[in-house]
Amino acid sequence: GRTYDPPPAIPAPPSLPGRLRIALFSGPARAVAFSEFLSGLHCPPRLVILDLMPPSPERIRQAAGPDSEILIMPASREIEDHLDRAGINLILGGLLERPFAVSRNIPSIDVMHASQVTFGYGGEENLVRRIREAASRMVLD
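According to our numbering, the sequence shown holds residues 287 to 427 in order.
Laid out in structure tokens, this is it:
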């Protein structure tokens, strides 16, 4: 007869340091994907900064969670105020967001350009490793 081999167990998602306060700079579609990814790691973004008006702001709110603040097309000064008020200690974004990180002496991870894999299982491993490396270099209060 036939035998049934159960599928291999799905490993638990990796965890991130709980005191990370992440700001995510992105467009609407990527904001949903990255917010769901971070929320799945029990580390939802504290602040999501969108460069375009999303077709469904509620979808981003659901992905990011109730403790996340969403800014849509904010001015630079507004971004700075919110970064400081939220106590952000890690920025996920692109090259344009690097000055916000440098001026606050916090790490920034470029997730916008093809310099690193950010999708699929390899992308998950890569992002978790890079976030952990950034967290190990910062002082978490």
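From the three backbone atoms N, C-alpha and C, an ideal C-beta is built for every residue, glycine too.
- Annotated three-state conformation of L324 is helix, per DSSP.
- Contact between P331 and L310 holds: their C-beta atoms lie close to 4 Å from each other, under 8 Å.
- Within the model, the alpha-carbon separation for N391 versus L357 is close to 22 Å.
- Per the DSSP secondary-structure output, E355 pairs in a beta bridge with L333.
- Going by DSSP, L376 is part of the beta strand (DSSP E) stretching over 376 to 379.
- Of the other Cβ atoms in all chains shown, 16 or more fall within 10 Å of the Cβ of A349; this residue is therefore buried.
- Rounded to whole angstroms, the gap between the alpha carbons of L376 and I335 is 13 Å.
- At a Cβ-Cβ threshold of 7 Å, R307 and I374 count as neighbours.
- In terms of Cβ geometry, P360 and L338 do not form a close pair [threshold 7 Å].
- Spatial neighbours of D291 in its own chain (CB-CB distance under 7 Å, excluding positions within 5 residues in sequence) are not present.
- Residue environment analysis places V388 among the exposed positions, since fewer than 16 neighbouring C-beta atoms fall within 10 angstroms of its C-beta.
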